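This report concerns only the one structure given below.
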Amino acid sequence: MTEISCPATCSYLSASRTHPPAIVQRRTERDMQFLVPLLTELTDAQCDLVLFFQMMVLRHAQGAIPPLLDEDVVAGATALAATLETAERGIIYEHSAPSLPAQRLRVSLDEALKSLLTGAGSRARAIEKDAMVALRQIARAAGDAARVLSGDEPPVYLRLIARLKPEPAAADAAREGPPGRVII
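Mapped onto our numbering, the consecutive letters of the sequence shown carry residue numbers 90 to 273.
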């Protein structure tokens, strides 16, 4: 292989970005067909919370020992949603997840939610209500992913949200403009 410094105006580089391989396009379309119906039922605030919690799940999964599974995501998100629903009824009770990895995820998601609520002031109640819905949608998506996206390697939902996460290099490039490129 040879690496060459490629200017941002390179026609080969722009063509490769404009026309990704067909398999990548099909996978992206399949992923979107799964996720879009789950998000269309939600308000903008709830969608934002789904994306926020998905990033928290990914961040937690990176260092989780034992590795996080889709079932742990379902259990952790469900337990935190149940805790919030119970608190809304005026009862203080922390629901726990059935497995240690799921419980650790639940605690991580709870800490992330508390950090959001810290500066929320009068909006805290609305955020908690939206968080309940968002967590239930995440649990639903994680539970359905293996069935709907059959043929994908487990953990299907975790791999799905990892694929959809913007790459740091792409995010930096979008912010900074086109730096010098390299074709390999």
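The beta-carbon is built from N, C-alpha and C at its ideal position, and this holds for glycine as well.
What you are looking at is a predicted structure, and each value in this text was computed from that prediction instead of being measured.
- Each residue's CA atom was taken as its position, placing glutamate 217 and arginine 115 some 36 Å apart.
- Taking a contact as a CB-CB distance under 8 Å, the pair alanine 164 and serine 188 counts as one, their CB atoms being some 6 Å apart.
- By alpha-carbon distance to glutamate 160, the top candidate from Ala251, Thr132, Pro244 is Pro244.
- Counting only unbroken stretches of 4 or more residues, the alpha helix (DSSP H) elements lying wholly within the segment 160-243 are 189-207, 213-237, in sequence order.
- In chain order, Val163 place their CB closer than 7 Å to the CB of glycine 232, counting only its own chain and leaving out the 5 sequence neighbours on each side.
- Going by DSSP, cysteine 95 is part of no alpha helix (DSSP H) but of the beta strand (DSSP E) stretching over 93-95.
- DSSP, read as helix, strand or coil, puts proline 126 in helix.
- Within the same chain, Cβ atoms closer than 7 Å to the Cβ of valine 222 are found at Leu131, Gln135, the five residues on either side in sequence being excluded.
- Put simply, the backbone Cα of serine 204 is about 10 Å away from that of leucine 198.
- For the 8 Å CB-CB criterion, leucine 140 and histidine 149 do not form a contact.
- Remark: C-beta atoms of aspartate 120 and leucine 206 do not approach each other more closely than 8 Å.
- In terms of Cα proximity to leucine 128, the closest of Ser239, Asp219, Thr107 is Asp219.
- The alpha-carbon separation between alanine 235 and arginine 229 amounts to approximately 11 Å.
- Straight-line spacing of the CA atoms in proline 155 and isoleucine 227 works out to 21 Å.
- In the DSSP assignment, isoleucine 250 falls within the unbroken alpha helix (DSSP H) covering 245-253.
- For threonine 98, the three-state secondary structure derived from DSSP is coil.
- Taking 8 Å as the upper bound for CB-CB distance, alanine 186 and alanine 168 are in contact here, some 4 Å apart.
- In the three-state reduction of the DSSP assignment, alanine 111 falls in the helix class, which pools H, G and I.
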